[in-house]
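Colleague: A single structure is presented below for examination.
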Amino acid sequence: MQICKYIRKVAPLTLVSVPDPTEKQWMRLMDVVATDKEMQGDFQGPGAAGRVSAKWETLAATLNALGGAFKTGEKWKEAFNNLRNRAKRQYNDRVRYMGATGGGPPPPQQLGLNAVYQRVLQFVQKEQLHGNAVPVPLQGFVSVGSTDSYGD
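See below:
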């Protein structure tokens with residue numbers, strides 16, 4: 096008895112590694128994004144979403160021609176956002192390490208910021224890296240141990 100006569104033997108699937116973006120591609124991407132506020136997320140008027148999408152597709156064609164990674168405009172935008180997040184995380188890891196050493200040895204090599212991370216941090220608002228300074232509540236308004244009495 097034959098269960099299925101249409102089963103064919105297929106070659107096993109092989110995983111193909113996709114190349115990572117090269118430093119040249121990252122630097123070119125940041126050159127273009129640095130000059131365009133809309134690509135940084137600051138939308139300018141009606142139709143901005145369509146314009147930004149077209150700009151990313153044009154940039155993708157340029158970046159893909161450089162060799163290395165091959166992505167669509169949407170994937171390059173996503174990769175850029177992921178790069179910013181990784182750079183922020185590494186910067187904060189480095190700050191935490193330096194704060195914990197008390198002036199001790201320099202940070203390990205993996206906590207160093209490479210040229211791409213240093214450049215992409217220019218696109219990150221300083222408040223996102225350092226946070227906002229929050230004053231101590233009522234600082235300067237309450238004196239501790241005051242002997243003043245009210246109602247006398």
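Numbers 96 to 247, taken from the working numbering, label the letters of the sequence shown in order. Here a beta-carbon is modelled for each residue, glycine too, at the ideal position from N, C-alpha and C.
At the level of alpha carbons, what is the spacing between P114 and Q213?
Modeller: Straight-line Cα distance between these residues: approximately 22 Å.
Colleague: Would you kindly work out how many angstroms separate the C-alpha atoms of L124 and G207, rounded to a whole number?
Modeller: Straight-line Cα distance between these residues: approximately 22 Å.
Colleague: Sort A195, K170 and V190 by Cα distance to G156 and report the nearest one.
Modeller: Residue 156 is actually Ala in this sequence, not Gly. Closest by alpha carbon: K170.
Colleague: When the Cα of L178 is compared with those of G168, S148, P201 and V219, which residue comes out closest?
Modeller: Measuring from the Cα of L178, the nearest candidate turns out to be V219.
Colleague: Using only alpha-carbon positions, find the residue among E118, P107 and G145 that is nearest to F175.
Modeller: For F175, the nearest C-alpha among the options comes from E118.
Colleague: How big is the Cα-Cα spacing for A129 and R146?
Modeller: Between A129 and R146, the C-alpha separation is close to 16 Å.
Colleague: Check this for me: beta carbons of G163 and Q120, under 7 Å apart or not?
Modeller: Yes, these two residues count as a Cβ contact at 7 Å.
Colleague: Restricting to Cα atoms, I'd like to know which of L161, K172 and A143 is closest to W151.
Modeller: When only C-alpha atoms are compared, the closest one is K172.
Colleague: Which value, in whole angstroms, describes the spacing of the CA atoms of D137 and P107?
Modeller: Approximately 47 Å, taken between the alpha carbons.
Colleague: When the Cα of L161 is compared with those of K132, P116 and G194, which residue comes out closest?
Modeller: For L161, the nearest C-alpha among the options comes from P116.
Colleague: L154 and V127 - do their beta-carbons sit closer together than 7 Å?
Modeller: Cβ distance < 7 Å, so V127 and L154 count as in contact.
Colleague: Quick one: give me the first and last residue of the alpha helix (DSSP H) that N159 is part of.
Modeller: Start and end: A143 to A160.
Colleague: Please list, in chain order, all residues of the same chain as M148 whose beta carbon is under 8 Å from its beta carbon, the five residues on each side excluded.
Modeller: For clarity, residue 148 is Ser in the given sequence; the question names Met instead. Result list for S148: G168 and E169, in chain order.
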